[in-house]
Amino acid sequence: MKIEKLARKGILKIASYVPGKSIEEVQKEFGPKRWMKLASNENLLGPSPKAKAAIRNELPNIHLYPEGPCTILRKAMAKKFAIPEEMVVISNGADNLILMIANAFVNEGDEVLMADPTFSVYVNVTQIMGGMPVKVKLKGFKHDLEGMLKKVNRKTKLVFICNPNNPTGTTVSLESFNAFLSKLPKHVIIILDEAYGDFVEEAFSPNGLDYLNAKDPMIILRTFSKVYGLAGLRIGYALGREDLVRCLYQVRDPFPVHRLAQVAAVAALNDEDHVIQSIQFIYEGRRYLYKELDKIGLFYVPSQANFIFIDFKKNSEEVFQAFLREGIIVRPGKVWGFPTFARVTIGRKEDNQKFIKALKKIVK
Ligand SMILES: Cc1ncc(COP(=O)(O)O)c(C=O)c1O
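If you read the sequence shown in my numbering, its first letter stands for residue 15, the second for the next number, and so on.
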């Protein structure tokens, strides 16, 4: 029988997620080099040494199943955020939580509202469930919350607000977010994706934690992949109203987070110094990169995240190839409808200097 008949309706038409090129991929194509990956917004400082030590201690136990609900980490997070454990759910990456959200809430034909461009996984999971992604173009690289409100109707089930937004690094203002919430009908669940929330420097952007005790139907997404430097372990979490979180547990795998990720996350959560250091080098890196980009005369979108969206004023695929020749992997902007832009992860001082040196050579 034809695969079209076997697969669930619409599944074969879903455009799959295109990740940033991995070091393994470029190495296969271009040979071994000291590659610097600035394509997936990882933490270039690496993981906390305490997380690495915790993994070493846990290694002898990997023949045992992990603890299903991640009880120790869940308790630690509930304590950290001063909320009941019932408001916390942990899984193998925020990506997986986004899928769980779609599994739990999106019925066939439901509309899911989001910005354009934003994190593309929101579209994928919506389509998997037979829902309809409804995209609202960014305005001046920022969420157009008023424009999004105009698209809300009876069929709207979820609205994703990626704050800071991937790929632009922009935030919504506290005032516009509060106005948006006050006008949003209560049948719409707000998913506030704060994967990059730790890097926000400005004071006037919303922090999901401030909304947790309100009655708004809201789920906040966070991850150990960015500031905690554990992207390779795949662990993220969601916080939200108890009844919504209960729905996420209904669709959660029994053992989604392996032992090494659980112990590493507990250790990373307790390593404040590493977190502060990781945030600090992003703050410093932003200022350095802005200064250098200004000198070169390239437009960039001021960012509140650990990446910058830069207009290279030429085909970003060519820019991508030119950076590869310099041993640097960036993320071309064509996938987001910005063919002359690329998204570049901010690194440590030496990484940013290497990037600028290569950039100067390329723009020459
Ligand atoms: C906005 C946003 N949300 C969620 C994720 C997924 O994070 P995780 O690594 O925890 O799956 C990413 C990853 O890059 C992201 O950019």
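We put the beta carbon where it would ideally sit given N, CA and C, even for glycine.
Keep in mind that this is a model prediction, so the values were computed, not measured.
query: Buried or exposed (CB count within 10 angstroms, at least 16 for buried), Asp207; result: buried
query: Uninterrupted alpha helix (DSSP H) stretches inside the segment 152-176 (no shorter than 4 residues); result: 159-164
query: Distance CB(Met91)-CB(Leu127) smaller than 7 Å; result: no
query: Beta-carbon separation (whole angstroms), Arg273 vs Pro80, contact threshold 8 Å; result: 5 Å
query: Cβ contact check for the segment 24-38 and the segment 308-323: 3 or more pairs under 8 Å; result: no
query: For Ser190, the three-state DSSP class (helix, strand or coil); result: helix
query: Own chain residues within Cβ distance below 8 Å of Lys240, not counting five before or after; result: Asn55, Glu56, Asn57, Ala209, Tyr210, Asp212, Phe213 and Asn320
query: Whole-angstrom C-beta distance between Leu235 and Ala108, which should lie under 8 Å; result: 5 Å
query: Closer than 6 Å: Asp158 CB and nearest ligand 1 heavy atom; result: no
query: Cβ neighbours of Ala281 in the same chain (closer than 8 Å, five flanking residues each side left out); result: Ser62, Lys64, Ala65, Ala67 and Ala68
query: Assigned exposure category for Pro268 - 16 Cβ within 10 Å defines buried; result: exposed
query: Whole-angstrom distance between Ile376 and Val333, CA atom to CA atom; result: 8 Å
query: Top-ranked residue by Cα proximity to Leu159, from Gln294, Arg362 and Ser187; result: Ser187
query: Asp287 burial status per 10 Å Cβ neighbour count (16 or more: buried); result: exposed
query: Residue from Ala53, Ile290 and Ile86 with nearest C-alpha to Ala279; result: Ile86
query: Reference Ala53, options Val102, Lys47, Ile104 and Pro181, closest by Cα; result: Pro181
query: Enclosing alpha helix (DSSP H) for Asp287 [first to last residue]; result: Glu286 to Ile310
query: Neighbourhood of Val166 by C-beta distance below 8 Å, restricted to the same chain and skipping five residues each side; result: Leu127, Val173, Leu198, Pro199 and Val202
query: Bridge partner(s) assigned by DSSP for Leu235; result: Asp207 and Ala252
query: Nonlocal neighbours in the same chain, by C-beta distance under 6 Å from Ile175, ignoring five residues either side; result: Leu206
query: Reduced DSSP category for Lys47 - H, G, I as helix; E, B as strand; rest coil; result: coil
query: Distance, Glu99 Cα to Lys89 Cα; result: 6 Å
query: Member of Tyr304, Val259, Asn329 and Lys374 whose CA lies at the smallest distance from the CA of Ala118; result: Val259
query: Local Cβ density within 10 Å of Ala217, reported as buried at 16 or more and exposed below that; result: exposed
query: Nearest-angstrom Cβ-Cβ length linking Lys327 and Leu312, presumed shorter than 8 Å; result: 7 Å
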